[in-house]
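Numbering (UniProt numbering), first residue to last: 1 to 133. All C-beta atoms in this analysis are idealised placements derived from N, C-alpha and C, irrespective of residue type, glycine included. The structure displayed is predicted, hence computed values, not measured ones.
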C-alpha cells in the first residue's frame with residue numbers, strides 16, 4: 001500500500017511545479033497551430049474548475065481570413081471603449097488595497113520593461129493591441 005503522506009507530498013510537488021513554471025504570454029507567434037494541439041488544449045481545459053461546475057465558457061477556433069476579421073474587430077473595439085461594455089467587471093471599482101498597489105507595481109514593471117512610461121497612454125494601448133495579433 002502506498003504511503004499516503006509521501007503521495008500527498010509528490011502531488012503537491014507536481015502542482016507547485018505547474019504553478020511556478022506558468023508563463024503569461026503577451027504575444028502570439030505567426031504560425032498555424034496543429035489541430036491535435038488545439039484538441040489537447042481543449043481536452044485539458046474542460047477540467048478547469050468553475051463555481052458549481054457550471055463551465056460558463058464557449059470556445060471558438062478561427063483561422064485564416066476569419067481569424068484576421070476577428071482580430072481586426074477586437075482591435076477596433078479596443079480603440080472605442082466607450083462603445084463596448086464588458087459583460088462583467090474584472091476588478092472591483094475601486095480596487096481596494098493592497099490589490100490596487102500590486103496592480104500599479106505590476107504595470108510599472110511590465111510596461112517599464114518595454115520602455116513605456118506610466119503616462120504614455122498611446123504606447124500602452126499599442127502594446128495591448130499587440131496582445132491581440
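Boundaries of the alpha helix (DSSP H) in which residue 67 is found, first to last residue: Here residue 67 is taken as the residue at index 67 of the chain shown, counted from 1. Element bounds for residue 67: 64-78.
Suppose you measure from the CA of residue 34 to the CA of residue 49; what does that come to, to the nearest Å? Reading the chain shown from its first residue, position 34 is the one you call residue 34. Reading the chain shown from its first residue, position 49 is the one you call residue 49. Each residue's CA atom was taken as its position, placing residue 34 and residue 49 some 26 Å apart.
I need the DSSP call for residue 115, collapsed to helix, strand or coil. Numbered from 1 along the chain shown, position 115 holds the residue referred to as residue 115. Three-state result, residue 115: coil.
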